[in-house]
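For the sequence shown, numbering that gives the first Met the number 0 gives the first residue as 0, with consecutive numbering after it.
Backbone N, C-alpha and C fix where the C-beta goes; we use that ideal spot for every residue, glycine too.
Working notes for the structure below.
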Amino acid sequence: MDFAFTDEQKLLRETVRQLMDTHAPPEYIRRLDREQAYPYELYEKWVEAGLLSMPFPEEYDGLGGSVIDLTIIAEELARKSPDFFMSYAGSVFTGLNIMRKGTEEQKQHWLPKLFAGEVRMAIAISEPEAGSDIGAMRTYAVRDGDHYVVNGQKLWATGAGAKDTVMNVYLKTDREKNYREGMSLLLIDNDTPGVQLRKLDMLGRRCTGTYEVFFNDVRVPADRVVGGENKGWDCVLAGLQIERVCSAAGSCGGALAAFDLALNYAKERVQFGRPIGTNQSIAHTLADLQTEIDAARTLMWRAAWMVSEGQDALREITMAKLFASEVYVKVANAGMQIFGGYGYSMEYDMQRHFRDSRSSTIAAGTSEMQRNVLAGLMGLKIR
Ligand SMILES: Cc1cc2nc3c(=O)[nH]c(=O)nc-3n(C[C@H](O)[C@H](O)[C@H](O)COP(=O)(O)OP(=O)(O)OC[C@H]3O[C@@H](n4cnc5c(N)ncnc54)[C@H](O)[C@@H]3O)c2cc1C
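Structure below.
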């Protein structure tokens, strides 16, 4: 099995790394986190560098990149900030859904705007009563002539409040049927009359932001339905693989960043006349963390490779998402211990990883739900 990157992939990684080094220095990341501000300037740089169009086919003016290219970008963006990576991910995941499930007209309309940074996109599935259990969804749309009228409430929608954002809202269009047969995907501008947004006060990922969204008789043109009426579940399934493998890549990037901080600190911090990293307890902790990060990355690259080969990789993707997210939490937690009091201080970066990492085992499907999927694939019926 060949895990080597091609020359183009090495160049892509180097280019994204340089872009992030130049435009997302530590002071920028700290300031935006403190101000809970969206990284608009950085997003523009991603647009200019073609990162938004990278995983789309050339016939739609994309750069024709593969899933592996996308995970390279994900890891490099998250290596600076897993929070910033979510600004990128929201647009790309939803854009790919339009690519896969949209009509020709929708692709011609939305993809150029997405690539040019004229619109951003966010995903809104979760609701107050519907988290892991999508079936409990209540937000609904009723057809009225050439429009839908939407009522309900979404929760935890990442990036939904950024300017020029089109929310990809999953809602019921047939309330008599279950979500597999009665749910649709509607594209709704976040400034449509009747839409109300509230930025939530979250522990981490405070720049891209997490939003509560209310829909009160929101009128949406009927041509904003993607994949056909009542075909929303197909859209969820179609996007799940890439979303989860990129989520794993984001966790790997965050874990690498937190690890580098901890390793450097262990070499530099002197107590009792010697670097703290010369204590076996700290050295072994770092050795174990490095091993686990490598294991997570190996799972992630294998899953990405299988997806890019068109193989069914549900098991491998699920393991990668589960393991990588838990490794990021573990590295940030251990990193804080290695930093001692400085780790707990808001003036050092480890606390940001401690906060940002914590969402990775919850968002895009909790660790428990990943374990349920794996157990199901092993033939175990979980109740
Ligand atoms: C930072 C952040 C960003 C997010 N971004 C988005 C977004 O952009 N769009 C979006 O739609 N959603 C988003 N979410 C929502 C996320 O997908 C949900 O939080 C997640 O699916 C869990 O739902 P819940 O919070 O309602 O928890 P619940 O489903 O109520 O679960 C609570 C606990 O019970 C466990 N549990 C529930 N059911 C089972 C079961 N059957 N077996 C075992 N354990 C179970 C869960 O694992 C969890 O530990 C985001 C969440 C966070 C924290």
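Along the beta strand (DSSP E) that carries residue i, what are the first and last residues, could you check?
| i | result |
| --- | --- |
| Leu196 | Val194 to Lys198 |
| Lys380 | It is not in any beta strand (DSSP E) - Lys380 carries neither H nor E in the DSSP assignment. |
| Pro220 | Thr209 to Pro220 |
| Val165 | Thr164 to Lys171 |
| Val141 | Tyr139 to Asp143 |
| Ala254 | Looking at the DSSP string, Ala254 is not in any beta strand (DSSP E); the run it does join, the alpha helix (DSSP H), is Gly231 to Glu267. |
With DSSP run on the structure shown, which of helix, strand or coil describes residue i?
| i | result |
| --- | --- |
| Gly342 | coil |
| Gly151 | strand |
| Leu185 | strand |
| Leu373 | helix |
| Asp355 | helix |
| Arg314 | helix |
| Met120 | strand |
| Ala331 | helix |
| Thr157 | strand |
Measure the C-alpha to C-alpha separation of residue i and residue j and round it to an integer number of angstroms.
| i | j | result |
| --- | --- | --- |
| Thr70 | Tyr341 | 32 angstroms |
| Trp155 | Ser90 | 16 angstroms |
| Phe92 | Met345 | 32 angstroms |
| Gln310 | Asn371 | 21 angstroms |
| Lys100 | Gly226 | 5 angstroms |
| Gly208 | Ala48 | 24 angstroms |
Looking at residue j and residue i, is the spacing between their C-beta atoms short of 9 angstroms?
| i | j | result |
| --- | --- | --- |
| Met349 | Ala319 | no |
| Ile67 | Phe114 | no |
| Ala248 | Ala73 | yes |
| Leu196 | Ala159 | yes |
| Val149 | Val168 | yes |
| Cys245 | Asn96 | no |
| Pro38 | Cys206 | yes |
| Gly130 | Thr172 | no |
| Ala121 | Thr191 | no |
| Phe353 | Met368 | no |
| Thr284 | Ile337 | yes |
| Glu308 | Ser366 | no |
| Gly253 | Ser125 | no |
| Leu110 | Tyr59 | yes |
Taking the continuous alpha helix (DSSP H) assigned at residue i, which residues delimit it?
| i | result |
| --- | --- |
| Ile133 | Unbroken run through Ile133: none, as it is neither H nor E. |
| Ala3 | Element bounds for Ala3: n/a, residue is neither H nor E. |
| Tyr347 | Per DSSP, Tyr347 belongs to no alpha helix (DSSP H) and is neither H nor E. |
| Met85 | Pro81 to Lys100 |
Say yes only if the C-beta of residue i is nearer than 8 angstroms to one or more non-hydrogen atoms of ligand 2, and no if none qualify.
| i | result |
| --- | --- |
| Arg204 | This structure does not include ligand 2; its bound ligands are ligand 1. |
- Item | Runs of beta strand (DSSP E) wholly within the stretch 272-301 (minimum 3 residues, chain order) | none
- Query: What are the uninterrupted segments assigned as alpha helix (DSSP H) that are 4 or more residues long and contained completely in the stretch 12-57, given in chain order?
  - Reply: 25-34 and 39-47
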